[in-house]
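Residue numbers (the UniProt record's numbering): 1 to 726.
We put the CB at the ideal spot given by N, CA and C, even for glycine.
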Ligand code: BGC
């Protein structure tokens, strides 16, 4: 793409106010095509002759802007008239909002000094093939918009009765177009609309709207008002134990929506920011509000839904729904940890934990292809990976977090089968292994350094967020695992990986010599799942024993949890895996469900038995990481697994449990729809299990311990209750 356009910014600094850039122009007859190419330093919303251009919300999304700033292309042929007015409002967005929440005053000041830049060119093609271009330059104008303030964490202030005074000049910026790339990820769009369920008054006397579902996005409201009437809205995820509005867990994020009305009936929603919320408090609102006046609009990346899970257990179904809502709420252009507090960052550790589940629930190939390209762009000189991508002033070099560099591309390849993602990331993957090899204290292990360890593990010592598993153990285990993925990826790409094969063997040897015992659930999980224990079965048995001794409770944190049930059911402890899955007391996946969760929580006990909250400093009610359990349900309970990348060959080995009447999973793969369902039935006085399987590709079926090779097709089988094939 050739840019004749210049970056422009308002000549006069507008502070917090979002500028609108304006261009009026005429076009002759016979236009066959008009395309707008556009991006901004911030987020923008464009209108041509009063009509919104495209559906993209918060364009141009979030990338490592200095190196990769996406521009968008919109076909605007249908919006063009003889006399035209193009208006583009630019908000701070991720580019210029103070982020992360703990950025210091100096950092905030530096962000605030960045210009509200816009670059755009409208390419108009005539019937005779002629091309004319309307491009941002010194002839555009800028004026203040009704949006008086907008930041990612703090919310938005709009004055609908504001009328712009005269147009002001713009300046062209000394900035080239080297970093501009075409849109690579999915567009962010409005996706779901959740009607308000009820409006009620809390014991404290606050007027609160409940949407019945936590969403990420914004409130759209309608109000009949007089000019100057004020709307002020606060956002929250939960109520406290007295039933009052609560959002102390948002920490520094003010998450406020302020709106000054104009005369008459009007509908509004924030344009340049987003919130994570289930409840809103009407701090100020004209008249007597009714639920019909409020809609929660969920905004996220436009991904195709591909996977569905359901069962006979309503609590489990709510968990499945919470996992999906967790993904919706945190796949807003980058995979974020949470959508509400002063973070909302692309934490790598969370992404690698959840990527498999994510890739089954939705088609996330494009989404991760873009994010991984940012990872490669932001990789540190020494090969370590920033803890958050796009990098945002946090550190780098933590095991399990940085390993997103290998785990995410490998999973995307396994789910979708296109080696291109490995090609794109291979250098980044290798460089990351090089970082570990160069920075470890002991050769062939990963010792030393600072790690997040088994983050939020329940076996953490009092006062710590880090579980009791040994840091060097976890780091060395991931060193081995990531090296094995580099070997696999290299083989797919036809690269010489002998160096990594040798390295892998040495790591395994050193690991076995060094870590001769396994002390925690997470250590056992990793030793088995990564194939490091000398006797895998024995270690899995030891894990099962430990889980039982721990009261049939999980103790794992971010590192151990995603693999815990896989290890149990992979080595004959399926019943125990189900016990953990179906458990409703704390700690468990279903405990939050019993407490009314509509998304997945950061802590197993975000709300404790007695109704108290976990400390305000870190208590998100929309953190997808533990939602990783859904991939166990797809792969083990329902039994659908890719036997070859992209499901070109499938293994379907369902594992029923007597505590569920039925369970069903479906997955839209690149080959077509896979479905696996099982139910307990009674026939002629005989209890049986009935299996229904649809496979779009050759598959190995494992039913009742019997393996069968089948072609694409639909199959029904029965086993007796004990699971033997009949
Ligand atoms: C985030 C996590 C993240 C962690 C790093 C937290 O503040 O919300 O999910 O992975 O920091 O340990």
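- Residue 642 sits buried, since 16 or more C-beta atoms from the chains shown fall within 10 Å of its C-beta.
- Looking at the DSSP output, residue 662 bridges to 679.
- When C-beta atoms of the region 402-421 are compared with those of the region 365-383, three or more pairs fall below 8 Å, so the two segments count as touching.
- In the DSSP assignment, residue 210 forms a beta bridge with 198 and 279.
- One Cα belongs to residue 250, the other to residue 155, and the distance between them is close to 12 Å.
- Here DSSP, grouped into helix, strand and coil, assigns residue 507 to helix.
- Every residue with a CB closer than 5 Å to a heavy atom of ligand 1 is listed here in chain order: 337, 347, 349, 350, 452 and 455.
- Assignment of alpha helix (DSSP H) within the region 100-180, counting only whole runs of 4 or more residues, yields 105-113 in chain order.
- Its chain contains 18, 20 and 89 as the residues whose beta carbon lies nearer than 6 Å to that of residue 145, once the 5 sequence neighbours on both sides are disregarded; these appear in chain order.
- Nearest to residue 257 by alpha-carbon distance, out of 291, 269, 631 and 644, is 269.
- Taken through DSSP and simplified to helix, strand or coil, residue 389 comes out as coil.
- Residue 45 is bridged by DSSP to 89.
- In the three-state reduction of the DSSP assignment, residue 516 falls in the coil class, being assigned neither a helical nor a strand state.
- Counting along the chain, residue 607 sits inside no alpha helix (DSSP H), nor does DSSP assign it H or E at all.
- Between residue 679 and residue 690 a beta carbon distance of about 5 Å is seen, short of the 8 Å cut, so the two are scored as contacting.
- When the beta-carbon positions are compared, residue 604 and residue 489 stay at least 9 Å from each other.
- Look at residue 537 here: in three-state DSSP terms it is helix.
- In the DSSP annotation of this structure, the continuous segment of the beta strand (DSSP E) that includes residue 232 starts and ends at 230-236.
- Residue range 69-75 is occupied by the beta strand (DSSP E) that includes residue 75.
- Spanning the alpha carbons of residue 538 and residue 491 requires a straight line of approximately 31 Å.
- Assigned with DSSP and collapsed to three states, residue 497 falls in coil, not helix or strand.
- About 7 Å separates the beta carbons of residue 474 and residue 526, which is inside the 8 Å limit, making them a contact pair.
- The Cβ neighbour count for residue 104, taken over all protein chains shown within 10 Å, is under 16; the residue is labelled exposed.
- According to DSSP, residue pairing for residue 193 in a beta bridge involves 297.
- Between the C-alpha atoms of residue 500 and residue 361 there is a straight-line separation of about 33 Å.
- Short of 8 Å from the beta carbon of residue 108, and not among the five residues preceding or following it, lie these beta carbons of its own chain, in chain order: 98.
- With 16 or more neighbouring CB atoms inside 10 Å of its own CB, residue 384 falls in the buried class.
- Residue 245 has its alpha-carbon roughly 14 Å from the corresponding atom of residue 254.
- Counting only residues of its own chain and dropping the five nearest sequence neighbours on each side, residue 211 has a CB closer than 7 Å to the CB of 194, 196, 197, 278 and 296.
- Under the three-pair Cβ rule at 8 Å, the region 512-527 counts as touching the region 555-563.
- Secondary structure at residue 405: helix, using DSSP grouped into helix, strand and coil.
- A Cβ-Cβ separation of about 4 Å places residue 232 in contact with residue 284 under the 8 Å criterion.
- Annotation for residue 594: 584 place their beta carbon closer than 6 Å to its own, counting only its chain and skipping 5 residues before and after.
- Between the alpha carbons of residue 513 and residue 441 lies a distance of about 16 Å.
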